[in-house]
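Line order of the protein sequences matches chains A and B.
Quick note: the first sequence, position 101, residue 90 per this note's numbering, numbers continuous.
Quick note: the second sequence, position 127, residue 116 per this note's numbering, numbers continuous.
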Amino acid sequence: MKTRARSEILFLFFALPSLTGMLLFFVAPLGVSLYLAVVDNALTYRFVGFQNFKNVMESEVFRLALKNTGLFMAICVPANMLFPLFAAILLRKAGARKGLFGMFLLLPLVIPSGSMAFFWRSLFGLNGAVNGTFFPDAPVHWLNTGWSRVIITGVFIWKNAGFNIVLYLAGLALIPREYYECAALEGAGRFRQFLQITMVYIIPTSFLVFIMSVINSFKAFKEIYLIAGAYPHHSIYLLQHYIYNQFTSLDYQKLSAASYILMAITIGIVVFMFRFQRRLSENFS
Amino acid sequence: MKKLFTRKLVAVLITVVMFIGGTAACGSLAGGNLLNAAATTGTASDGGKTISIATLYNVIGQETLARQYMDAHPGTTITINSFMYDYDRYLTEVPTMLMSGTADDLMEGYINYKDSRVVAYLADFNALMDADPTFDREDYYANFFEALEYKGGLYAYPFDFVYDAFAINNKLVGAAREKVDSMNALSYFDMFELFDIAGGAFPYPDYANDPLDALLYTIDSFVDLENSACDFNNARFIELIKRSKELTEPDSRSHGSLSTVTPDDEKLFSEKYLLINTLPQTYQYLLPIKEETLFSGHKPLISEQGKLLTMAPAKFCLSKQSENKDLAWDFIRFIQDPQTYADEDGNITGSFRTPSINKELFRIGLEYALLKPGTEINAAGNLVETESFFDWIAADYGWHVPGDRRERFDEVLARYDEILSMPVQDRTLVLFPQNVQDVFYATMDSYLQGLITAEQTAEELQNKISIALRE
C-alpha cells in the first residue's frame, strides 16, 4: 500500500512540470478564450451568452471561410490519403532506388515554409516561371483567380504527403508477407490482394492518416498565408484566415468564438471517425 | 487516508495553478502590462480632477495649453502622455489601450474613429455638444463635424482643417470651365474632362510625390465604411486608375509644388501649364486674389463630385471610460476659445496658422496671415519684422494685389465662407483599416508596375477589400 502511494506521488512529481505547462499554456488560455467569447468586449466584460457565436455564424465572410475550408478538406483529405498510400506501395517495390525516391518524396517535409512559399510564388507569381514560359504576353494571375484553389491544394498535398508516406510505410511493413504469398498460391491477383489484404490491414494506419489530414487541413494556413497573404482570392480564404485577421484587428470576441466553433467542428469529426473506426473494426473482427 | 490526502493535494495544486494561469492570461489580455504609458485619470490625491492626453505630434502645443488651462482652473491636472512622433507605435498601442481600459482620457485622433470596433470605446461628442448650453454650432464650420460623424455619432472632435489645392490656368482651360459641374469641388472626372477638352497635352506638374498615396485617398469614394461595403469593380474606378497612371508617368511631372516654383516657372504656368499643385497652407490664401488663376480647390483626382475634400489634422477622441468627461470637454472648449490666444495686453495675435473650424479663430488667423507683418530672426540673430503676406507676394512674384488691402481681405474671407460651406468629405487616411490599406497598396503596386490590368486591379480590390471590410 505504502509502495503504491509512494509511486503515485513519484508519478505526480514527474508529471507536474508538463502538467503545469499544459494547464498554463493550454487549459487556462482555453478557459480565458471561452470567457472572452461570451462577453461583449474586453473593457466592460458584460455577459452576452452566445451572441458572439451568433454574430460569427451570421457573418457572410465566416460562412465563406467555412465553405472553403470544407471544400478544401473534401479535396485534400482523400488526396492526401490515396497519393501517399500508392507512393508507399511503390516505394516498397522500388528495390535499390527506394532510398533515392523516398528522399525526393520526403524532401518537402523538411523544407522550411518560407523557402517553400518562395518557390511556389516564383512558379505561379505574376512574373513567375510559368507565366514567363507559357504566357509571356498575357500573364495569368494564378493566385488571384479560381486557379488559386488548385495551386494551394497541390502545395498542401506536396507538403504533407511525405509524413503520410512514412506512416503508410510503417503500416505496410506490419503486414506479414506470408499473407500475400498464401493469397497468390490461392490464385488471387494483385488487385484482389491489394483490396483484401493491404486495404484491410492498413485500416488502423489509414485512420491515423485520416485524422491527421483532417486536423492539418483545418489548420492549413501558414503556407497559404506566405504564398497569397492575409487576403487571398476568395476561393482560398479559409477559417484560419478569418481567425488570424480577427487577431490582427484585436477583435478578441470574434476570434474566440470562431476558434471555439472551429474546435467544435474538428472534435465532432474526430469523434465521429473514432466511432466509425470502432464499428468498422468490429465488423472485420 | 494518505491516498485521499494526495488527491486533495493534487486538486488544490491544480486549482492554484489554473487560477494563477487564468489570472495571468486575463491580465495580459486586459493589457495591464502591455504598455508602460499608464493612463492617469480620475481624482488626484488633493481631490482635484485629473485627465491625461495621449499626444503624438503636438507635444509642446498640448503642454502649453494644458499649463494655461491648469493656471486658469486651479485644482485640475492635465498630464501629457507623449508618443514622441512614433506614428506606428501610436497606431498600435492606443487602440489596444482603449480596448483594455487603460487609455488616456483624450487621444489625438490618429485612431480609426469610423471603425465600429474602436467606436465602441469612444464617447460621442454630439452628446457633449447637446448637453452644453454655451456651445453653439453656428460658431463653427459645422460641415466638418458632419464629415467626421459615424452612424450619427461624432467620435473625433476636429479643431482645424487643411485641403489640398490646385491652381488651374484660367486662360488655358477657357471654355472647358463651363462644361464641368462645380469649380469649387472639381471631381476627378471633371479633371479628366478638362484634360480632354484642353487637348490632353498639358503637363501636370507635381501630381503627387507618391501616386500610390494619392490613389489611396481615392478609395474613400468607393468604400462605404458605415455599411462595410465597397464598389471598385466598375467603369468609374477603372477609368480613374487608368487616368491616374497616365498622369503620374514621370514625364508628366516636371515641376515641384509652389514652394519650389520660381517666378520663371510661374510665367511658364501662365503660358503653358494647365494646373499646378499648391501648398494649401500658403497658396490657398492667394487663390481668390490672383486674377489669372481660376480656381481653388482640392486635389481633383481624389474627391467626390461637389465635395470639399479635407482633413482635420488636429482632433481629439475621448475615451468612454473617462471619469472626467466634463473636464475633457471643457479643455476642448478652452482650446477653441479665442481668448486663450490673447497676449498680456488682451490682443489676440493669431499666431496659430492652421485654419480653425471655429469661425472667429479662422478669421483671426487669416487676417494675421494676410495683413499683419510677420517676424523672423535675421542673420545677426535679432528678431525683425517682415513684410505681410500680401507684400511678400508682390515682392517675390510681382503679383498685383489691387485695391484696399482690408477690402481684399474681406473678399478672401467671403470666398472662404463660400468654400467652407460646401459639403465636406473627410479624407483622413487612418479611417481605412490597416488591412484595407495593405491590400490596396499591394494591388495598386502591381498595377502601376504593369503586372496586372486596370480591370484585374478593380476585380482584385473588390474581391479582397469586400472580405476585409466584412470580417
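Even glycine gets a Cβ: it sits at the ideal position worked out from N, Cα and C.
C-beta atoms of residue i and residue j nearer than 7 angstroms
i: B/N347; j: B/Y129; result: yes
i: B/D113; j: B/G142; result: yes
i: B/Y102; j: B/C306; result: yes
i: A/I140; j: A/F113; result: yes
i: A/L98; j: A/F90; result: no
i: B/L440; j: A/L115; result: yes
i: A/S224; j: A/S22; result: no
i: A/V66; j: A/W109; result: no
i: B/T81; j: B/G37; result: no
i: A/T142; j: A/I64; result: yes
i: A/V28; j: A/F36; result: yes
i: A/P73; j: A/A159; result: no
i: B/A61; j: B/I227; result: no
i: B/Q51; j: B/I69; result: yes
i: A/L215; j: A/A83; result: no
i: A/F196; j: A/Q266; result: yes
i: B/S377; j: B/L360; result: yes
i: A/Y220; j: B/K231; result: no
i: A/A54; j: A/L132; result: no
Cβ separation of residue i and residue j, assumed to be a contact under 8 angstroms, to the nearest whole Å
i: A/L227; j: A/N57; result: 5 angstroms
i: B/S410; j: B/D149; result: The Cβ separation is near 17 angstroms, so there is no contact.
i: B/L350; j: B/Q325; result: 7 angstroms
i: A/V203; j: A/M62; result: 7 angstroms
i: B/I67; j: B/F320; result: 7 angstroms
i: B/D209; j: B/R416; result: 6 angstroms
i: B/S41; j: B/D93; result: 4 angstroms
i: B/N304; j: B/P412; result: At residue 304 of chain B the sequence reads Lys, which differs from the Asn that was named. The Cβ separation is near 19 angstroms, so there is no contact.
i: A/Q229; j: A/F210; result: 3 angstroms
i: B/A301; j: B/F133; result: 6 angstroms
i: B/A317; j: B/L95; result: 5 angstroms
Residue i classed as buried or exposed, judged by whether at least 16 other C-beta atoms fall within 10 angstroms
i: A/L25; result: buried
i: A/F51; result: buried
i: B/T4; result: Note on B/T4: pLDDT 44, under 50, position unreliable in the model; the coordinate value appears next. With fewer than 16 other Cβ atoms within 10 Å, it is exposed.
i: B/L111; result: buried
i: A/Q185; result: exposed
i: B/E444; result: exposed
i: B/C219; result: buried
i: A/Q242; result: buried
i: B/G10; result: A caution first: B/G10 carries a pLDDT of 39, below 50, which makes its placement in the model too unreliable to give a value.
i: B/G354; result: buried
i: B/P289; result: Here B/P289 scores only 45 on pLDDT, less than 50, and its place in the model should not be relied on; the value that follows carries that caveat. B/P289 is buried by the Cβ-count criterion.
i: A/P101; result: exposed
i: A/A31; result: buried
i: B/T44; result: buried
i: B/V107; result: buried
i: A/G256; result: Going by the sequence as given, residue 256 of chain A is Ile instead of Gly. The residue is exposed, with fewer than 16 neighbouring Cβ atoms inside 10 Å.
i: B/D393; result: exposed
i: B/Q414; result: buried
i: B/T249; result: Low per-residue confidence applies at B/T249: pLDDT is 49, beneath 50, and the placement is therefore not dependable enough to give any value.
i: A/M92; result: exposed
inquiry  = Any C-beta of chain B within less than 8 angstroms: which residues of the segment 20 to 37 of chain A qualify?
reply    = G20, V21, Y24, L25, N30, A31, L32
Check: Given a limit of 9 angstroms on CB to CB distance, which residues of the segment 229 to 261 of chain A reach chain B?
Finding: H230, Y231, N234, Q235, T237, S238, L239, D240, Y241, K243
Residues of the segment 205 to 229 of chain A with Cβ closer than 9 angstroms to any Cβ of chain B, in chain order: Going along the segment 205 to 229 of chain A in chain order, one finds G218, A219, Y220, P221, H222, H223, Y226 with a Cβ nearer than 9 angstroms to chain B.
Whole alpha helix (DSSP H) elements within the segment 88 to 125 of chain B, 4-residue minimum: 105 to 108, 114 to 120
- If contact means a Cβ-Cβ distance below 7 angstroms, which residues of the segment 98 to 112 of chain B contact chain A? Of all residues in the segment 98 to 112 of chain B, only R106, A109, Y110 place a beta-carbon less than 7 angstroms from a beta-carbon of chain A.
Going residue by residue through the segment -3 to 55 of chain A, where are the continuous alpha helix (DSSP H) segments of at least 4 residues, counting only ones entirely within it? 17 to 26, 40 to 47
Checklist entry - Using a Cβ cut-off of 8 angstroms, which residues of the segment 109 to 135 of chain A contact any Cβ in chain B, in chain order? => result L115, N116, P128, H130, N133
Notebook entry, point to check: Mind pulling the alpha helix (DSSP H) runs of 4 or more residues that sit fully within the segment 77 to 142 of chain A?
Noted result: Assignment of alpha helix (DSSP H) within the segment 77 to 142 of chain A, counting only whole runs of 4 or more residues, yields 87 to 99, 102 to 113, 118 to 123 in chain order.
Just by C-beta distance, which residues in the segment 40 to 53 of chain A are closer than 9 angstroms to chain B? Those residues of the segment 40 to 53 of chain A placed with their C-beta closer than 9 angstroms to a C-beta in chain B are S48, E49, V50, F51, L53, ordered along the chain.
Any chance you could list the beta strand (DSSP E) runs of at least 3 consecutive residues sitting entirely within the segment 298 to 378 of chain B, in chain order? 304 to 307, 364 to 366, 372 to 374
task = Could you list the residues in the segment 71 to 97 of chain B with a C-beta less than 9 angstroms from some C-beta on chain A, going in chain order?
result = P84, T85, L87, M88, S89, G90
Curious, which full-length beta strand (DSSP E) runs of at least 3 residues does the segment 29 to 69 of chain B contain?
Within the segment 29 to 69 of chain B, the complete beta strand (DSSP E) runs of at least 3 residues are 38 to 44.
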